[in-house]
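K.L.:
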Amino acid sequence: MLKAIQIIAITLAGTVLIGTFALIFAESRWIDPNPSSPREYFLHGSTGTELMPLAVFQVLPTLFPEQFQPAGNTAGDFIDQFGFVRGAPDAKYGLPYGVNVSRYRPKSGAPSPIPFVGFNCAVCHSANFERVGQPRGTVVLGMANPRLDLVAFGDAIRRSLLDENRLTVPTIAATYKSLNHKSLSFTERLTIRYWLRGARAALKADLPMRGSPFSGSKLRDSSLMPSGPGRNQPMMETVRFLIHETPDPNGGASKIPCLYQQQRRQRAQFDGSVGDPLTRNSLAALGVGASVYNLRVPGILGTMQQSYIFVKTLDGPRYADLNGTDAHGPDQARVQRGHDAYMQYCSSCHGWPEEQNWTSGSRQGQVIPASEVGTDSARVSFRYYADMGTFVDAFFPPGHPLKPPVGDIHALPEAERGFITEPLEAAFTRAPYLHNGSVPTLAELINLKPRRAVFYRGRSEFDPDGVGIVVTEQPDVDHYFRYDTSVYGNSNRGHNYPWPYQGTGWNADTLTDLLEYLKTL
Amino acid sequence: MATETAPNSVALGTYRITLPDFTLSFVPFALLLSAALLAPETTMDLGFYRTIYTIWATTALVTPALCAFMLPGDSPSKQSIWILFWTFAFIAYLVHVYYAIFYVYHGSLHEILAGQGRFAALNNLIFTVWWAFDLLLAWFYSGPARWVWNQRVAAHVYIGLTFFVSTVILKRGFINVIGITMTIAIFVCLAYRSDYARRTAFGH
Chain U
4 MLKAIQIIAI TLAGTVLIGT FALIFAESRW IDPNPSSPRE YFLHGSTGTE LMPLAVFQVL
64 PTLFPEQFQP AGNTAGDFID QFGFVRGAPD AKYGLPYGVN VSRYRPKSGA PSPIPFVGFN
124 CAVCHSANFE RVGQPRGTVV LGMANPRLDL VAFGDAIRRS LLDENRLTVP TIAATYKSLN
184 HKSLSFTERL TIRYWLRGAR AALKADLPMR GSPFSGSKLR DSSLMPSGPG RNQPMMETVR
244 FLIHETPDPN GGASKIPCLY QQQRRQRAQF DGSVGDPLTR NSLAALGVGA SVYNLRVPGI
304 LGTMQQSYIF VKTLDGPRYA DLNGTDAHGP DQARVQRGHD AYMQYCSSCH GWPEEQNWTS
364 GSRQGQVIPA SEVGTDSARV SFRYYADMGT FVDAFFPPGH PLKPPVGDIH ALPEAERGFI
424 TEPLEAAFTR APYLHNGSVP TLAELINLKP RRAVFYRGRS EFDPDGVGIV VTEQPDVDHY
484 FRYDTSVYGN SNRGHNYPWP YQGTGWNADT LTDLLEYLKT L
Chain Y
38 MATETAPNSV ALGTYRITLP DFTLSFVPFA LLLSAALLAP ETTMDLGFYR TIYTIWATTA
98 LVTPALCAFM LPGDSPSKQS IWILFWTFAF IAYLVHVYYA IFYVYHGSLH EILAGQGRFA
158 ALNNLIFTVW WAFDLLLAWF YSGPARWVWN QRVAAHVYIG LTFFVSTVIL KRGFINVIGI
218 TMTIAIFVCL AYRSDYARRT AFGH
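As structure tokens, then:
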């Protein structure tokens, strides 16, 4: 009898051990196959920013309508109100562009038995090009999403996760069941329970550095949420994850850039401070929640590399591709004259197109000091600007595949800091203009029209007259964000080329020609 | 080299492992290692927590081996318990090393040296190699060489002290509970051995 018990004990314990190793072997198969092409990586790959289990992401807007529909339930769902690009309803769980589904656990990149959602490159760098009266628009990959209010969305998520009464496994399970007419599995419940505990603890630990997240209608209050649509505060977030400190001054907000033809860019970031494009990609991912650990997981590292390959040769759209041949199409006579003006006043810094190529101007790819170009200098004068190279070098351990080469991140002397000159492919899709998005249209950028000191942003339909985005003088449900150019980091001054508005040499006719030409880039 | 038989030594390389001996060692080994590998499923970082929990399991498994080694007598059962726990603890330790190298330090010597420091890394290397060497001798060498016994005593002192320092002094948290339990158990065994030796000397 005793012998039998011993044999049974050994058999059971051995079975448990074998089962454990079988589970570990099976874990490696939880990860989905890698995307099949650079384009698929860009659209669906994981950048290591896994936020939460898919099931939780699906129920949050229902559980917290005041956070995810801050303009009320008649103003559309969270996709409308935070400016995501709506995906196909019958594919990828109906998630917006750039909200990817993976089987990676947050921060570690370890295999997960249940799907998680995260943000990849496409969330910021794909946009719905909308014309007034044509809300369906056209999705343009590589175009910066001028409508996406990702910082506010982040606060909505944080606020919801911190609500320990309303966000529990039972409430998640009940809401999931009512939405999907099926129950969460045991594995889903268990994983959500442990994820929620860890995520909440991490959020609480960050509160002293970040402060409490804003909530409800305050998510649309520009005095509290200074980024607004199409922008973020990249330097503040970068310093935070590098050294766990909120810098002051924080560098203000920068617009999300378009990513066409990255092979033509010698250096990354508006200030040209980063050389290696993969460093730029990894810093962006880290700012949205990736970790130095999961960025080396092959599937995630692959997204970093393959997404760059995709945007390296990605062409921007042509004006006619998105606008057809309407009354606002380029006037060919003016285009020719505008070309001459462009070559005279713009080409040395921005280069010019020649057939399929882009010819570099004499100053293209150079950092023009902020004192010379005259634009807002908050972006290049934040605390720790000069230390960023050291911080990044210390952040990535030796041997990390994304550790920047020595000297790759440079900090110019204070007097030389400024903004890098770049090609202007598909310039009409790059609105709002300047690095901080302070100028809504090209007509204002070239000073054909006066620049507006205060305007309201949100929905960003194409403005065919000014060539840029529609903004309003008064707030409405679609244009909620008060952009005040007197706020720190928001100035619209500078870049007075060819001439200051109605200054010496100012010529409305030449500027109108130039505007027509800019439509053709 | 002198090859006289070591006094009070276990009979090297000759183990009569019985079913109760194997059950007593294998069942806790299998369950502890399984728990150490499965418990991290409740976390978001499998590799990191598997590294931690497997060293907990190793410490728990090495405690009976160290105690058995220190207790007086050379009964076959004591020898079997010692070799089995010594072996299973080492297997658990190898799993710990695997996760530490490939998940915590990503297989990078740079990261190991940066994360542990040169002294600790070298100490860990000596620790691992010596333990493996002693196990090889224990299983495959059955001669009476005194140096084998001497190195085994030294290995147990060194490995035991390393466990004590890392689980009681250097680290903080639940590992201290396991480390202190191990330390108390070893002291009890040493005290018993001392008492046994005293009683034997006085002819009791």
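Protein chains in written order, with the working numbering: chain U, 4 to 524; chain Y, 38 to 241.
Don't be surprised by glycine CBs; every beta carbon is placed ideally from N, CA and C.
All values derive from a computational prediction rather than experimental measurement.
Within the present structure, is the beta-carbon of Ile8 (chain U) separated from the nearest heavy atom of the ligand SAH by less than 7 Å?
P.N.:
This structure does not include the ligand SAH; it has no bound ligands of any sort.
K.L.:
Tell me the DSSP bridge mates of Tyr107 (chain U)?
P.N.:
U:Pro114
K.L.:
Within its chain, find whatever has a CB closer than 7 Å to the CB of Ala228 (chain Y); leave out the 5 residues flanking it on each side and keep chain order.
P.N.:
none
K.L.:
Can you name the residues of chain U whose CB is closer than 7 Å to the CB of Ser71 (chain Y)?
P.N.:
Val19, Leu20, Thr23
K.L.:
Pull up the distance between the alpha-carbon of Val225 (chain Y) and that of Pro181 (chain Y), whole angstroms please.
P.N.:
29 Å
K.L.:
Could you pull the DSSP bridge partners for Leu144 (chain U) from this structure?
P.N.:
U:Ser129
K.L.:
Output the distance between the C-alpha atoms of Ala25 (chain U) and Ala76 (chain Y), rounded to the nearest integer angstrom.
P.N.:
The alpha-carbon atoms of Ala25 (chain U) and Ala76 (chain Y) are separated by roughly 15 Å.
K.L.:
Mind pulling the alpha helix (DSSP H) runs of 4 or more residues that sit fully within the region 56-144 of chain Y?
P.N.:
DSSP runs (the alpha helix (DSSP H)) wholly in the region 56-144 of chain Y: 56-75, 83-107, 113-136.
K.L.:
Exposed or buried, what is Pro229 (chain U) when buried is set at 16 or more other beta-carbons lying within 10 Å of its beta-carbon?
P.N.:
buried
K.L.:
Can you tell me the Cα-Cα spacing of Thr282 (chain U) and Phe81 (chain U), whole angstroms?
P.N.:
31 Å
K.L.:
Is there a Cβ from chain Y that is less than 8 Å from the Cβ of Trp33 (chain U)?
P.N.:
Proximity of Trp33 (chain U) to chain Y, defined by a Cβ-Cβ separation below 8 Å, is not satisfied.
K.L.:
Do you know how far the Cα of Phe87 (chain U) is from the Cα of Gly471 (chain U)?
P.N.:
19 Å
K.L.:
Classify Asp58 (chain Y): buried if its beta carbon has 16 or more other beta carbons within 10 angstroms, exposed otherwise.
P.N.:
buried
K.L.:
Assuming Gln70 (chain U) and Gln84 (chain U) make a contact with CB atoms under 8 Å, what is their CB distance in whole Å?
P.N.:
With a Cβ gap of about 10 Å, Gln70 (chain U) and Gln84 (chain U) do not count as contacting.
K.L.:
Three or more beta-carbon pairs under 8 Å between the region 121-130 of chain Y and the region 62-76 of chain Y, yes or no?
P.N.:
yes
K.L.:
Closest to Lys452 (chain U) by C-alpha separation, out of U:Gln477, U:Gln505, U:Val474, would be which residue?
P.N.:
U:Gln505
K.L.:
I'd like the span of the beta strand (DSSP E) that includes Arg485 (chain U), first residue to last.
P.N.:
Run containing Arg485 (chain U): 482-487, per the beta strand (DSSP E) assignment.
K.L.:
Please look up how many angstroms separate the CB atoms of Ile412 (chain U) and Thr50 (chain U), rounded, as I've assumed it's under 8 Å.
P.N.:
Incorrect: roughly 20 Å between the Cβ atoms, too far for contact.
K.L.:
In chain order, what are the residue ranges of uninterrupted alpha helix (DSSP H) at least 4 long that sit wholly in the region 347-403 of chain U?
P.N.:
350-353, 373-376, 391-398
K.L.:
Is it true that the CB of Pro118 (chain U) sits closer than 8 Å to the CB of Glu30 (chain U)?
P.N.:
no
K.L.:
Would you give the residue range spanned by the alpha helix (DSSP H) that Phe422 (chain U) belongs to?
P.N.:
No alpha helix (DSSP H) contains Phe422 (chain U), which is instead part of the beta strand (DSSP E) from 421-423.
K.L.:
Whose CA, out of U:Glu464, U:Pro478, U:Arg162, U:Ala511, lies closest to the CA of Gly136 (chain U)?
P.N.:
The option with the nearest alpha carbon to Gly136 (chain U) is U:Glu464.
K.L.:
Against chain U, with Cβ distances strictly below 8 Å, would Met81 (chain Y) count as a contact?
P.N.:
yes
K.L.:
Can you list, in chain order, the residues of its chain whose CB lies under 7 Å from that of Leu103 (chain Y), leaving out five sequence neighbours each side?
P.N.:
His193, Gly197, Ile223
K.L.:
Decide if His403 (chain U) is buried, meaning its Cβ has at least 16 other Cβ atoms within 10 Å, or exposed.
P.N.:
buried
K.L.:
What's the C-alpha gap between Met55 (chain U) and Gly214 (chain U)?
P.N.:
21 Å
K.L.:
Tell me which same chain residues have a C-beta within less than 7 Å of the C-beta of Asp516 (chain U), skipping the five on either side of it?
P.N.:
Arg337, Arg340, Gly341, Ala344
K.L.:
Is DSSP giving Ala78 (chain U) helix, strand or coil here?
P.N.:
coil
K.L.:
Between U:Val395, U:Ala511, U:Ser441, which lies nearest to Val1 (chain U) when the distance is taken from Cα to Cα?
P.N.:
It is not possible to answer for residue 1 (chain U), since the shown part of chain U is limited to 4 through 524.
K.L.:
Rounding to the nearest angstrom, what Cα-Cα distance links Leu206 (chain U) and Ile215 (chain Y) in this structure?
P.N.:
Approximately 31 Å, taken between the alpha carbons.
K.L.:
Pairs of beta-carbons, one from the region 296-310 of chain U and one from the region 410-425 of chain U, closer than 8 Å: are there three or more?
P.N.:
No: fewer than three Cβ pairs fall under 8 Å.
K.L.:
Could you have a look at Ala169 (chain Y) and say whether DSSP puts it in helix, strand or coil?
P.N.:
Ala169 (chain Y): helix per DSSP, three-state reduction.
K.L.:
Report back the beta-carbon spacing between Phe122 (chain U) and Gly101 (chain U) to the nearest angstrom; my notes put them in contact at under 8 Å.
P.N.:
6 Å
K.L.:
State the Cα-Cα distance for the pair Ile89 (chain Y) and Ala72 (chain Y), rounded to the nearest angstrom.
P.N.:
Going by the C-alpha atoms only, they are around 12 Å apart.
K.L.:
Return helix, strand or coil for Met212 (chain U), following the three-state DSSP convention.
P.N.:
helix
K.L.:
With distances taken between CB atoms, is the gap from Asn495 (chain U) to Val442 (chain U) smaller than 8 Å?
P.N.:
yes
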